[in-house]
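Chains as they are written, first to last, in the numbering used here: chain E, 1 to 189; chain W, 190 to 378. I have placed the structure first, in the form of structure tokens, so that the comments after it can refer back to it.
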DNA sequence: GTTATTTCTTAAGGTATCTTAATTTTTAAG
DNA sequence: CTTAAAAATTAAGATACCTTAAGAAATAAC
């Protein structure tokens with residue numbers, strides 16, 4: 001677990017053993033079982049989660065009472081609700097485990113403290129946030145694509161292995177179409 | 190101009206006069222006249238731009254040849270194509286001035302260098318990137334809203350002054366509806 | 001292994017939004 | 001001031017996607 005995080009950070013910055021040790025003290029390992037919530041709507045998101053294993057989704061419930069999946073998270077992704085985390089506003093979204101999931105959790109105050117103790121961490125999270133930004137922009141690009149059929153095909157092509165870990169109706173929600181219509185699309189292929 | 194950037198950074202970090210001076214040496218002021226391009230599709234985006242005054246749009250051209258506006262940028266916003274800038278890939282988008290626009294520009298190598306010389310800058314850009322992330326997520330939320338009518342009303346409500354600086358058909362593009370249909374929506378109100 | 005729960009499919013009818021194309025209005029140019 | 005170019009509107013017909021509702025298939029629970 002420690003090794004996994006270390007490997008992850010190595011992509012972006014080189015921490016000393018010492019620095020890693022300090023950082024690790026701020027982290028808590030947590031396990032969520034399938035369907036359990038990491039964050040509820042209305043709560044203030046006080047943590048960032050690094051997914052060690054498992055699968056989560058970030059979703060909201062719209063005015064009509066339908067679930068709308070905003071994104072998925074898998075191993076080696078940081079997940080949070082940035083808006084709530086940074087601005088300390090009540091979250092409009094839920095974060096939920098879709099499989100039994102293990103995360104490393106750091107809360108806001110500890111992260112702020114860690115930034116001071118380990119300046120290099122600023123760099124790491126600057127880069128991580130940039131990558132998150134790119135990921136979200138790429139999703140939006142998909143989104144702008146004509147026709148939900150194309151959108152679905154792209155999704156499966158790019159996230160093949162992963163598309164088998166989540167039910168179709170969640171993919172539909174993520175792609176912003178109804179499960180019924182997604183079923184139609186799949187048939188017509 | 191210098192003062193403007195200083196005021197902007199003050200929101201997030203406190204730079205010394207000295208640090209500001211150094212950072213300023215890396216920046217170039219540039220002026221683009223209306224319709225001029227800051228970045229073309231296919232080019233690698235090698236800079237980040239801080240908008241001093243004016244108005245820009247980031248857009249792409251889809252398979253059908255239609256413009257699709259991804260976002261607008263105004264005074265005191267950083268603009269770049271993150272995907273191209275970070276990953277050094279050819280840009281899929283255009284960045285264009287919609288009014289005569291003045292920017293402060295920093296290129297990638299200089300920014301990397303500046304991070305080394307002024308560590309606090311890492312912190313500043315970590316925070317800036319977080320804010321950009323939040324902005325993009327908020328847009329997506331809009332997006333998830335039922336009905337384009339609601340979407341349009343929200344847009345006007347939130348960006349009132351600004352919505353008068355851009356033509357309707359660009360707002361339509363931003364909201365992902367046709368100008369004809371937007372016209373319909375406006376009438377029915 | 002039988003029952004319950006969750007997920008996926010099918011089909012009919014409805015609606016939001018698009019397409020095309022022509023017309024008007026507004027803004028820019030000479 | 002006049003003409004050209006850009007932007008906004010209108011309207012009719014087309015279609016992508018939704019809604020509802022019911023039944024089939026798959027997965028989980030007992």
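Yeah, the Cβ is synthetic: ideal placement off N, Cα and C, and Gly gets one too. In this text the structure is predicted, and so the values were computed from the model without any measurement.
Quiz prompt | Selected residue, minimal CA-CA separation from residue 151 of chain E, among E/128, E/101, E/181 | solution = Nearest of E/128, E/101, E/181 to residue 151 of chain E, Cα basis: E/181.
Quiz item: In three-state terms, what does DSSP make of residue 210 of chain W?
Solution: Three-state result, residue 210 of chain W: helix.
Practice problem: Compute the Euclidean distance between the alpha carbons of residue 355 of chain W and residue 337 of chain W, then round it to the nearest angstrom. | Solution: Take the alpha-carbon of residue 355 of chain W and the one of residue 337 of chain W: they are about 18 Å apart.
Quiz item: Quick one: what does DSSP say residue 329 of chain W is sitting in, helix, strand or coil?
Solution: Here residue 329 of chain W sits in helix by DSSP.
Practice problem: Report yes or no: do three or more beta-carbon pairs, one from the segment 235 to 253 of chain W and one from the segment 280 to 288 of chain W, lie closer than 8 Å? | Solution: Counting Cβ pairs under 8 Å, three or more are found: they touch.
Self-check item: chain W contact residues for residue 180 of chain E, given Cβ-Cβ distances below 9 Å
Solution: Simply none; closest approach about 17 Å.
Quiz item: Which value, in whole angstroms, describes the spacing of the CA atoms of residue 87 of chain E and residue 275 of chain W?
Solution: Whole-angstrom Cα-Cα distance: 26 Å.
Exercise. List the residues that DSSP assigns as beta-bridge partners of residue 30 of chain E.
Key: In the DSSP assignment, residue 30 of chain E is bridged to E/103.
Self-check item: Opening and closing residue of the alpha helix (DSSP H) in which residue 191 of chain W lies
Solution: From DSSP, the alpha helix (DSSP H) with residue 191 of chain W extends over 191 to 199.
Quiz item: Sorted by chain position, which residues of the same chain lie with C-beta nearer than 8 Å to residue 376 of chain W's C-beta, five sequence neighbours on each side aside?
Solution: Result list for residue 376 of chain W: empty, nothing under 8 Å.
Practice problem: Can you tell me which of E/83, E/91, E/50 puts its alpha carbon nearest to the alpha carbon of residue 74 of chain E? | Solution: If we check each option's Cα against that of residue 74 of chain E, E/50 comes out closest.
Exercise. On the DSSP bridge assignment, give the partners of residue 190 of chain E in chain order.
Key: Beyond the ends of chain E as shown, which are 1 and 189, falls residue 190 of chain E; an answer cannot be given.
Self-check item: Residues of the segment 120 to 139 of chain E whose Cβ lies closer than 8 Å to any Cβ of chain W, in chain order
Solution: Across the segment 120 to 139 of chain E, CB contacts with chain W closer than 8 Å involve 122, 123, 125, 126, 129, 130, 131, 132, 133, 134, 136, 137, 138, in sequence order along the chain.
Self-check item: Inter-stretch contact (C-beta, 8 Å, three-pair minimum) for the segment 11 to 23 of chain E and the segment 117 to 124 of chain E
Solution: Look at the beta carbons and you see the segment 11 to 23 of chain E touching the segment 117 to 124 of chain E: at least three pairs across the two are nearer than 8 Å.
Quiz item: With DSSP run on the structure shown, which of helix, strand or coil describes residue 15 of chain E?
Solution: The DSSP-derived three-state label of residue 15 of chain E is coil.
Exercise. Specify the secondary structure class of residue 161 of chain W as computed by DSSP and reduced to three states.
Key: Nothing in the structure corresponds to residue 161 of chain W, since chain W is present only between 190 and 378.
Quiz item: Which of helix, strand or coil does DSSP assign to residue 166 of chain E?
Solution: In the structure shown, residue 166 of chain E sits in coil (DSSP, three-state: anything other than H, G, I, E or B).
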